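Enquirer:
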Amino acid sequence: MELLVACTVGALLGTGVFLMLRPVGFAVVQGLTLVSHGINLLLVAMGRVRLGAAPIAGAHVPGQAADPLAQALVLTAIVISFGMTAFLLVLAWRGYRRTGSERVDLEVSGG
Numbered sequence: 649m650e651l652l653v654a655c656t657v658g659a660l661l662g663t664g665v666f667l668m669l670r671p672v673g674f675a676v677v678q679g680l681t682l683v684s685h686g687i688n689l690l691l692v693a694m695g696r697v698r699l700g701a702a703p704i705a706g707a708h709v710p711g712q713a714a715d716p717l718a719q720a721l722v723l724t725a726i727v728i729s730f731g732m733t734a735f736l737l738v739l740a741w742r743g744y745r746r747t748g749s750e751r752v753d754l755e756v757s758g759g
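Taken in order, the sequence shown gives residues 649 to 759; the numbers are from our numbering.
#1: Suppose the cutoff is 6 Å on Cβ atoms and the five residues either side in sequence are ignored; what does the same chain contact list for R745 look like?
#2: How should L652 be labelled, buried or exposed, when 16 other C-beta atoms within 10 angstroms of its C-beta is the threshold for buried?
#3: As a quick exercise: from L669, A675, L682, pick the residue whose alpha carbon is nearest that of S749.
#4: Inspect the CB distances between the stretch 689-697 and the stretch 730-741 and report whether three or more fall short of 8 Å.
#5: Using only alpha-carbon positions, find the residue among R742, V683, A720, A718 that is nearest to L667.
#6: Could you spell out where the alpha helix (DSSP H) holding R746 opens and where it closes?
#7: Please state whether DSSP places V752 in a helix, a strand or coil.
#8: Find the nearest neighbour of L723 within the set G664, H685, G662, judged by alpha-carbon distance.
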């Protein structure tokens, strides 16, 4: 299970960084979204991943339940990444309307 989670985190982060390095606005937004999903999955994995075990409720043995701090961090990160993705989509849309292209490395003349 840990190998599957580690491979998924690596694939999400690798694909996200690849997309973020492209000079296209919407690819950068998609890359940032994938990176945030990869980091969220990494945080969940840090809180102990067990097959068939309840995340918190039902675990009466100390050390058998998942860490609730990691889950709280992931919930906060999901909200922050959603807001940041919406903001970047608006910036990409404004850039597209202003320049007529999705490329982010174009220079804009004038004010």
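Here a beta-carbon is modelled for each residue, glycine too, at the ideal position from N, C-alpha and C.
For clarity, every value in this text was computed on a predicted model and none was experimentally measured.
Expert: So, from the listed chains and residues:
#1: Along the sequence shown, one-based indexing puts residue 745 at 97. Correct list: empty, nothing qualifies.
#2: Along the sequence shown, read from residue 1 onward, the residue named residue 652 stands at position 4. L652 should be labelled exposed.
#3: Along the sequence shown, one-based indexing puts residue 749 at 101. Per the Cα distances, A675.
#4: no
#5: As a first step, residue 667 is located in the sequence shown; it is residue number 19 there, counting from the start. Ranking R742, V683, A720, A718 by Cα distance to L667 puts V683 first.
#6: Taking the sequence shown and counting its residues from 1, one reaches residue 746 at position 98. Its alpha helix (DSSP H) spans residues 716-747.
#7: As a working mapping, residue 752 is identified with position 104 in the sequence shown. Correct three-state label for V752: coil.
#8: By 1-based counting over the sequence shown, the position of residue 723 is 75. Comparing Cα-Cα distances from L723 to each of G664, H685, G662, the minimum goes to H685.
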